[in-house]
Amino acid sequence: NAGVTQTPKFQVLKTGQSMTLQCAQDMNHEYMSWYRQDPGMGLRLIHYSVGAGITDQGEVPNGYNVSRSTTEDFPLRLLSAAPSQTSVYFCASSSDPGAEAFFGQGTRLTVV
Amino acid sequence: GENVEQHPSTLSVQEGDSAVIKCTYSDSASNYFPWYKQELGKGPQLIIDIRSNVGEKKDQRIAVTLNKTAKHFSLHITETQPEDSAVYFCAAFPWGKLQFGAGTQVVVTP
Chain A
1284 NAGVTQTPKF
1294 QVLKTGQSMT
1304 LQCAQDMNHE
1314 YMSWYRQDPG
1324 MGLRLIHYSV
1334 GAGITDQGEV
1344 PNGYNVSRST
1354 TEDFPLRLLS
1364 AAPSQTSVYF
1374 CASSSDPGAE
1384 AFFGQGTRLT
1394 VV
Chain B
12 GENVEQHPST
22 LSVQEGDSAV
32 IKCTYSDSAS
42 NYFPWYKQEL
52 GKGPQLIIDI
62 RSNVGEKKDQ
72 RIAVTLNKTA
82 KHFSLHITET
92 QPEDSAVYFC
102 AAFPWGKLQF
112 GAGTQVVVTP
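Quick look at the structure:
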């Protein structure tokens, strides 16, 4: 079982560039979410989805877009990268928001 | 919104000793409290969780306690081993979203 797969693992962007972080899960989970992890701040929720076609904002959504066209995939789009978006990004999935969340390996993003 | 505070931010323990990490939360609607362990270069992984109708839960060397009246919960690791070295996150679950604490870096020295 692959679980939650994130690509790429590392990325360097220039300010103003756009990119998509990919996330796929093979556990047939309805609930998927994106977090960013910054030193001393834990994991902060960016966007989440409770099922295909349904997304909502988390704590820090500005500068990010998501869509959920299938149960398996939940890509995160950076529209115009800024240095403040330098972070480690984690995708997670669970069968229910109040159940065990399975995390991907993370994407380390640097915006210069 | 929910605010989860976690202490200490770093914890150094001798192998074989116990480690305790404490968290407090603000929203009384929280009813699920998981703990995640994150090893270097990896994503967080659930190690234990507790729901609001239970006061304590154990799994081998790990235990979690919950005091709903005081709005705090704690992780206890006994007989620590080098492989327990990691970052530990507590979380609370109010209104459908997990809210994480800032994390505790645990270092177990031989």
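If you read the protein sequences in the order shown, they are chains A and B.
Counting in our numbering, the first sequence runs from 1284 upward without gaps.
Counting in our numbering, the second sequence runs from 12 upward without gaps.
All C-beta atoms in this analysis are idealised placements derived from N, C-alpha and C, irrespective of residue type, glycine included.
| Residues of chain B with CB under 7 Å from Q1308(A), in chain order? | Here residue 1308(A) refers to the residue found at position 25 of the first sequence. Near Q1308(A) there are no residues of chain B at all, since even the closest Cβ is about 12 Å away, more than 7 Å.
| Residues near E90(B) in its chain [Cβ-Cβ closer than 7 Å; skip 5 each side] | Residue numbering aside, residue 90(B) sits at position 79 when the second sequence is read from its first letter. Contacts found: G27 and R72.
| message | I believe S29(B) touches H87(B) by the beta-carbon criterion, under 8 Å. Please report the beta-carbon distance rounded to the nearest angstrom. | response | Working through the second sequence from its first residue, we reach residue 29(B) at position 18. Working through the second sequence from its first residue, we reach residue 87(B) at position 76. Rounded, the Cβ-Cβ distance is 7 Å, consistent with contact.
| query | Hey, does P1291(A) have any beta-carbon neighbour from chain B nearer than 8 Å? | reply | The count along the first sequence starts at 1 and reaches residue 1291(A) at position 8. No, P1291(A) lies away from the interface with chain B (no Cβ there is under 8 Å from its Cβ).
| field | Check whether A113(B) and G1389(A) have beta carbons under 8 Å apart | value | One-based indexing of the second sequence puts residue 113(B) at position 102. One-based indexing of the first sequence puts residue 1389(A) at position 106. Result no, Cβ atoms of A113(B) and G1389(A) do not sit closer than 8 Å.
| For E16(B), which residues does DSSP report across the bridge? | Here residue 16(B) refers to the residue found at position 5 of the second sequence. BP columns for E16(B) point to T35(B).
| Is the stretch 37-44 of chain B close to the stretch 1346-1364 of chain A, with three or more CB pairs under 8 Å? | no
| field | Any chain A beta carbon closer than 8 Å to K48(B) | value | Your numbering for residue 48(B) matches position 37 in the second sequence. Answer no: the Cβ-Cβ gap between K48(B) and chain A never drops below 8 Å.
| Minimum Cβ-Cβ distance from F1357(A) to chain B less than 8 Å | On the first sequence, position 74 is the one that residue 1357(A) refers to. Chain B, which has no Cβ nearer than 8 Å to the Cβ of F1357(A), makes this no.
| task | Examine the Cβ distances between the stretch 94-101 of chain B and the stretch 48-55 of chain B and report whether three or more of them are shorter than 8 Å. | result | yes
| task | From the DSSP output, in three-state form, read off P1344(A) for me. | result | For the purposes of this step, residue 1344(A) is taken as residue 61 along the first sequence, with counting starting at 1. Three-state DSSP puts P1344(A) in coil, outside helix and strand.
| query | Any Cβ of chain A within less than 8 Å of the Cβ of L109(B)? | reply | The residue given as residue 109(B) occupies position 98 in the second sequence. True, the Cβ-Cβ gap to chain A drops below 8 Å.
| Is the Cβ of E1313(A) closer than 8 Å to any Cβ of chain B? | Reading the first sequence from its first residue, position 30 is the one you call residue 1313(A). No, no contact with chain B.
| field | Environment of S39(B) [buried if 16+ CB atoms lie within 10 Å] | value | Working through the second sequence from its first residue, we reach residue 39(B) at position 28. By the 10 Å Cβ count, S39(B) comes out exposed.
| query | Name the DSSP beta bridge partners of W106(B), please? | reply | Position 95 of the second sequence, counted from the first residue, corresponds to residue 106(B). Paired residues: none, contrary to the question.
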